[in-house]
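Below is one structure, written out as structure tokens, with a few remarks after it.
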Amino acid sequence: MTDSAHQLRVAIGLELRDARERAGLSRRRLAALTEGAASATFIEAVETGRGNPSFVRVARMARALGLSLAEIAERAEKRVRAGE
0 MTDSAHQLRV AIGLELRDAR ERAGLSRRRL AALTEGAASA TFIEAVETGR
50 GNPSFVRVAR MARALGLSLA EIAERAEKRV RAGE
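Position one of the sequence shown corresponds to residue 0 (numbering that gives the first Met the number 0), numbered consecutively onward.
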């Protein structure tokens, strides 16, 4: 995996984590809201940059958080450009 792809994957995980925390949800509750798309363990892996979720899984997690895939992607891109 290229460095930029890794950075984007980490940034997506951080954006999902931040959105989950803003929503006041546990990983277990978010997992339930994804209707089987992600387990709490998988969500933890994504949030910490170890998981490699598909677009569908990111979209399902984002939707459960009241966001779109585009919003998560845009925020993650900004984070990467800012060097976070």
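Think of the CB as a built atom: it goes at the ideal place given N, C-alpha and C, for glycine as much as any other residue.
Sequence-distant residues of the same chain with beta carbon closer than 7 Å to residue i, five excluded per side
i   : result
R8  : G48, N51
V45 : G12, L15, P52
Residue of the options minimising C-alpha distance to residue i
i   : options            : result
L32 : G12, E46, G65, G82 : G65
G23 : R80, A69, E70, A63 : A63
S67 : R78, K77, F54, V79 : F54
L15 : I71, T1, R78       : I71
Beta-carbon proximity list for residue i, same chain, < 8 Å, skipping 5 on both sides
i   : result
S38 : A30
As assigned by DSSP and simplified to three states, the class of residue i
i   : result
S3  : helix
T40 : helix
E73 : helix
G12 : helix
Cβ shell of residue i (< 6 Å), same chain only, five flanking positions each side left out
i   : result
A36 : R56, R59
Distance cut-off 6 Å: residue i Cβ against heavy atoms of the ligand ATP
i   : result
F54 : Among the components of this structure there are no ligands whatsoever, and the ligand ATP is therefore not found.
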